[in-house]
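Here is the structure we will look at.
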Ligand SMILES: Nc1ncnc2c1ncn2[C@@H]1O[C@H](COP(=O)(O)OP(=O)(O)OP(=O)(O)O)[C@@H](O)[C@H]1O
Ligand SMILES: [Mg+2]
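Numbering (this note's numbering), first residue to last: 95 to 302.
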């Protein structure tokens, strides 16, 4: 093994080099005995993204798989705490999270990302960023049902004008056109939705 195999090349734009590490993603995946992947849950607030992402994580963990859940709300407490809800800030929220997902997938983890991610353009960016590692799960639920659930009292506040730019009320949600998977949480039971996602993953991993 020669040192130059791992060192930077001599030229790079803006003098920012890529330092190639000695350990590959494949080697990390072999240690873990799994393949890295991102399940990206998109849907209205209250549609069930966090509930399903956590349930799927529990099932996978019980099978000995290492997962990490990235939740929109949680990231806004730290990494994304400087961002609000304008279109530009939502885009940046998704971009940063996409990059974090990319690092975690490179680490060999199964990433469960629960973000409203309302704009097609942002999701297209994620797909481009993550390539074959990006699995879009559309958590479909009628707005009226989400509003009736209102697990965080946010719809009530949005209707009262206390929250600006609230998805589905005063800010758009653009339905995914070609998601890998759709769960209808207003028609299918929680168990059915979890089962559907787990079956999809099993097929995906079997195909290699
Ligand atoms: N089939 C189902 N799948 C998932 N959740 C369901 C289903 N049926 C009812 N629910 C309920 O819907 C609610 C969904 O809330 P949850 O916090 O998961 O939504 P969310 O999409 O993460 O919203 P937000 O974008 O605000 O974080 C929960 O109270 C959950 O119990
Ligand atoms: Mg949530």
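Positions of the beta carbon are idealized from the N, C-alpha and C atoms, including for glycine. All values derive from a computational prediction rather than experimental measurement.
Identity of the residues DSSP links to residue 230 by a beta bridge: Position 136 of the chain shown, counted from the start, is the residue given in the question as residue 230. DSSP lists 134 as partners of residue 230.
Inter-residue spacing [alpha-carbon to alpha-carbon] between residue 205 and residue 248: Within the chain shown, numbered from 1, the residue matching residue 205 stands at position 111. Within the chain shown, numbered from 1, the residue matching residue 248 stands at position 154. One C-alpha to the other measures close to 26 Å.
Cβ neighbours of residue 98 in the same chain (closer than 8 Å, five flanking residues each side left out): Translated into the one-based positions of the chain shown, residue 98 becomes position 4. With a pLDDT of only 49 at residue 98, under 50, the local geometry of the prediction cannot be trusted, and no value is derived from it.
Beta-carbon spacing of residue 219, residue 192 below 8 Å: Position 125 of the chain shown holds residue 219. Position 98 of the chain shown holds residue 192. Cβ atoms of residue 219 and residue 192: closer than 8 Å.
Near ligand 1: residue 287 beta-carbon under 7 Å from a heavy atom: Along the chain shown, read from residue 1 onward, the residue named residue 287 stands at position 193. Yes, the beta carbon of residue 287 sits closer than 7 Å to at least one heavy atom of ligand 1.
Where the beta strand (DSSP E) containing residue 161 begins and where it ends: Counting from 1 along the chain shown, the entry for residue 161 is found at position 67. That run of the beta strand (DSSP E) goes 161-165.
The beta strand (DSSP E) enclosing residue 204, as first and last residue numbers: Locating residue 204 in the chain shown gives position 110, where the first residue counts as 1. Residues 204-208.
DSSP bridge partner residues for residue 265 (one or two, in chain order): Counting from one through the chain shown, the residue named residue 265 turns up at place 171. Looking at the DSSP assignment, residue 265 forms a beta bridge with 261.
Nearest neighbour of residue 183, chosen from 152, 137, 216 and 257 [CA to CA]: The residue given as residue 183 occupies position 89 in the chain shown. Taking only the C-alpha atoms, the option nearest residue 183 is 216.
Contact test: residue 167 Cβ vs ligand 1 heavy atom, cutoff 7 Å: Against the chain shown, residue 167 aligns to sequence position 73. Because some heavy atom of ligand 1 lies under 7 Å away, the Cβ of residue 167 counts as near it: yes.
Per-residue DSSP class, three states only, for residue 125: Stepping through the chain shown from its first residue, residue 125 is reached at position 31. The three-state secondary structure of residue 125, taken from DSSP, is helix.
For residue 278, three-class secondary structure by DSSP: Residue 278 sits at position 184 when you count from the first residue of the chain shown. Three-state result, residue 278: strand.
From 295, 301, 278 and 104, residue whose alpha carbon lies closest to that of residue 143: Within the chain shown, residue 143 is the residue found at index 49, counting from 1. Closest option to residue 143, Cα to Cα, is 278.
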